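For reference, the structure is listed below as structure tokens.
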Amino acid sequence: MSIARTLANAPEVLLLDEPTSALDEESAREVEDLLLDIIRERQMTCVIVTHNNAQAGRLADRTMIIEDGKPVAVGPTSEVLKNG
3 MSIARTLANA PEVLLLDEPT SALDEESARE VEDLLLDIIR ERQMTCVIVT
53 HNNAQAGRLA DRTMIIEDGK PVAVGPTSEV LKNG
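For reference, each letter of the sequence shown is one residue, going 3 to 86 in the numbering used here.
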């Protein structure tokens, strides 16, 4: 519901902080699929904060790893996660 409320304002960028953290794996995958559909359909930029590397791998084209408040790796998700 909160995603629908946010999209009603037609944002240029979607900012999500742990959007699936309280969900079981099946529900999380459904939300991920929905987000990917929305992002592609609306051609939106989306920034997702997650501690779940597998989720980052499924959703992100680019990834930034932050440690102690500083970026330590930035680049294509497959490379950043492979080296992280």
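Positions of the beta carbon are idealized from the N, C-alpha and C atoms, including for glycine.
Since we're looking at a predicted model, the values are computed, not measured.
Between the region 43-51 and the region 73-83 there are fewer than three inter-stretch CB-CB distances shorter than 8 Å, so the stretches are not counted as touching. Rounded to whole angstroms, V15 and L37 show a C-alpha spacing of 13 Å. DSSP places T79 within a helical segment (H, G or I) once states are collapsed to three. With contacts defined as CB atoms closer than 7 Å, L61 and E43 fail to qualify as a contacting pair. Taking the Cβ atoms as the reference, G59 lies roughly 6 Å from L83, within the contact range of under 8 Å.
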